[in-house]
Amino acid sequence: MISQALEDESWVEAMQEELLQFKLQKVWILVDLPFGKKAIGTKWVFRNKRDERSIVVKNKARLVAQGFRQEEGIDYDEVFAPVARIEAIRLFLAFASFMGFPVKQQPDGIFISQDKYVADILKKFDFCSIKTATTPIESNKPLVKDEDGVDVDVHVYRSMIGSLMYLTASRPDIMFAVCACARFQVTPKASHLNAVKRIFRYLKHQPKLGLWYPRDSPFELEAFLDSDYGGASLDRKSTTGGCQFLGRRLISWQCKKQTIVANSTVEVEYVAAANYCQHLVLLGLVCAAQKYFMMEMLFGLGKKMLLGLVLEAINSS
0 MISQALEDES
10 WVEAMQEELL
20 QFKLQKVWIL
30 VDLPFGKKAI
40 GTKWVFRNKR
50 DERSIVVKNK
60 ARLVAQGFRQ
70 EEGIDYDEVF
80 APVARIEAIR
90 LFLAFASFMG
100 FPVKQQPDGI
110 FISQDKYVAD
120 ILKKFDFCSI
130 KTATTPIESN
140 KPLVKDEDGV
150 DVDVHVYRSM
160 IGSLMYLTAS
170 RPDIMFAVCA
180 CARFQVTPKA
190 SHLNAVKRIF
200 RYLKHQPKLG
210 LWYPRDSPFE
220 LEAFLDSDYG
230 GASLDRKSTT
240 GGCQFLGRRL
250 ISWQCKKQTI
260 VANSTVEVEY
270 VAAANYCQHL
280 VLLGLVCAAQ
290 KYFMMEMLFG
300 LGKKMLLGLV
310 LEAINSS
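Numbering of the sequence shown is given in numbering that gives the first Met the number 0, commencing with residue 0 and proceeding in unit increments.
This is the structure:
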């Protein structure tokens, strides 16, 4: 694999870029190997970055350590890197509005909108002059597999779904409709494409909706949950939707098809509640931890005191 990559100029450039980043970020320092120690080997991992139409646009080369030659407690302690989830980002913004941090905001709160992105995707797919729609999906016309329908360009369909998925980060009003259309990305038909176009028509009607985080709001976690019964036309599975508020600030929302076929509405609600409680407990712990870390930032609490407060919140939950 290495010998083949060295014969390709694009892969050589990708490898040189990776080594350059190591140097700029000061990833390592060259030292002599201590006596009696074994050096950990490395290997190159090669990947292709593709666009919406699966066309290779960039070669990516990563130099990684061979972990199977390491021993826990000797060569490493932690095996993960902290990654900020979208809920954590929204939580931070909610805390920022509550505490009055100096961020881009209006006098009475923070408003987050992707209206520029909406304008960009409307222009990208030539929907600037289409008629508008007041809802993102027809409530009395569920999407079906439509095996006898007319085939459409699968690459364009997937590109449209991908663009809309990105928009759901700040538009919970289109979450259900986008997820429903995303189930037909393998063999999309004209009826599915029309449903996606309706979402774009709705976005043209409501391009500036977003998330509003008021400054004056209670600091309490509140959640709502609902489920249908056998609403998925393909496999008769049920769909669960929910949202969580921190006071009057919407911080998280979900729309997900259940993994089982329920035999009754009671079972649907039970499965939804069980899965939802797990997410809610985790979100509550994140809120508690975030609150105390904000206290550390504001009041300079010590690490031990901060950890004690967080553990106390976890135990009480």
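The C-beta atom is built at its ideal place from N, Cα and C for all residues, glycine as well.
Where A261 sits in the DSSP three-state scheme: Your numbering for residue 261 matches position 262 in the sequence shown. Note: A261 maps to coil in three-state DSSP.
Anticipated Cβ contact below 8 Å, Y156 with L192, distance rounded: Reading the sequence shown from its first residue, position 157 is the one you call residue 156. Reading the sequence shown from its first residue, position 193 is the one you call residue 192. Confirmed, Cβ separation roughly 6 Å.
Cβ neighbours of G209 in the same chain (closer than 8 Å, five flanking residues each side left out): By 1-based counting over the sequence shown, the position of residue 209 is 210. If the five residues before and after G209 are omitted, its C-beta is found closer than 8 Å to the C-beta atoms of F110, I111, S112, Q113, D114, S169, R170, all from its own chain and listed in chain order.
Beta carbon of V63 nearer than 9 Å to that of K42: Within the sequence shown, the letter at position 64 stands for residue 63. Within the sequence shown, the letter at position 43 stands for residue 42. Contact: yes.
Segment contact flag, the segment 205-225 with the segment 148-163, C-beta cutoff 8 Å, min 3 pairs: Counting Cβ pairs under 8 Å, fewer than three are found: no touch.
Residues near A176 by beta carbon distance below 6 Å, same chain, minus five either side: Locating residue 176 in the sequence shown gives position 177, counting from the first residue. For A176, same chain residues with a beta-carbon under 6 Å away, outside a window of 5 residues either side, are P135, I136, I198 in chain order.
Proximity winner among Q257, K256, C242, relative to I250 (alpha-carbon distances): Along the sequence shown, read from residue 1 onward, the residue named residue 250 stands at position 251. Comparing Cα-Cα distances from I250 to each of Q257, K256, C242, the minimum goes to C242.
Residue burial classification, P187 (beta-carbon count within 10 angstroms, cutoff 16): Within the sequence shown, numbered from 1, the residue matching residue 187 stands at position 188. It counts as buried.
Beta-carbon contacts of W10 that lie in its chain and below 6 Å, excluding the five residues immediately before and after: What you label residue 10 is simply residue 11 of the sequence shown in a count that begins at 1. Within the same chain, and ignoring the five residues on either side of W10 in sequence, the residues whose Cβ sits closer than 6 Å to its Cβ are A4, N58.
CA-to-CA distance, W211 to R248, given in whole angstroms: Residue mapping note: residue 248 aligns to position 249 of the sequence shown, counting from 1. Residue mapping note: residue 211 aligns to position 212 of the sequence shown, counting from 1. Straight-line Cα distance between these residues: approximately 7 Å.
Inter-residue CB distance, M174 and W252 (contact presumed, cutoff 8 Å): On the sequence shown, position 175 is the one that residue 174 refers to. On the sequence shown, position 253 is the one that residue 252 refers to. Your pair M174 and W252 checks out as a contact, with CB atoms roughly 6 Å apart and the cut at 8 Å.
Between the CA atoms of D50 and C178 - distance to the nearest angstrom: Looking up residue 178 in the sequence shown gives position 179. Looking up residue 50 in the sequence shown gives position 51. Distance from the CA of C178 to the CA of D50, rounded to the nearest whole angstrom, comes to 21 Å.
Assigned exposure category for T167 - 16 Cβ within 10 Å defines buried: Translated into the one-based positions of the sequence shown, residue 167 becomes position 168. Buried, by the Cβ-count rule.
CA nearest to the CA of D172, picked from K130, L18, L284, K207: The count along the sequence shown starts at 1 and reaches residue 172 at position 173. Here the closest residue by C-alpha is K207.
Euclidean distance between Cα positions of Y275 and K144: Numbered from its first residue, the sequence shown carries residue 275 at position 276. Numbered from its first residue, the sequence shown carries residue 144 at position 145. Spanning the two alpha carbons is a distance of roughly 29 Å.
9 Å Cβ cutoff met for D107 and D215: Start at 1 with the first residue of the sequence shown, and residue 107 comes out as number 108. Start at 1 with the first residue of the sequence shown, and residue 215 comes out as number 216. Yes, the pair counts as a contact, with Cβ atoms nearer than the cut-off.
Of the residues Y269, I1, H278, R61, the one placed nearest F21, counting alpha carbons only: Position 22 of the sequence shown, counting from 1, holds the residue named residue 21. When only C-alpha atoms are compared, the closest one is R61.
Contact set for L142: own chain, Cβ-Cβ below 8 Å, skip 5 residues either direction: Counting from one through the sequence shown, the residue named residue 142 turns up at place 143. Setting aside the 5 residues that flank it on each side, L142 is surrounded in the same chain by A179, C180, R182, F183, S190, H191, A194, S232, each with a C-beta closer than 8 Å to its C-beta; the list follows chain order.
CB-CB length for V267 against A261, believed under 8 Å: Within the sequence shown, residue 267 is the residue found at index 268, counting from 1. Within the sequence shown, residue 261 is the residue found at index 262, counting from 1. A Cβ-Cβ distance of about 4 Å is found for the pair V267 and A261, placing them in contact under the 8 Å criterion.
Where the alpha helix (DSSP H) containing G161 begins and where it ends: Here residue 161 corresponds to residue number 162 of the sequence shown, with the count starting at 1. In the DSSP assignment, G161 falls within the unbroken alpha helix (DSSP H) covering 153-166.
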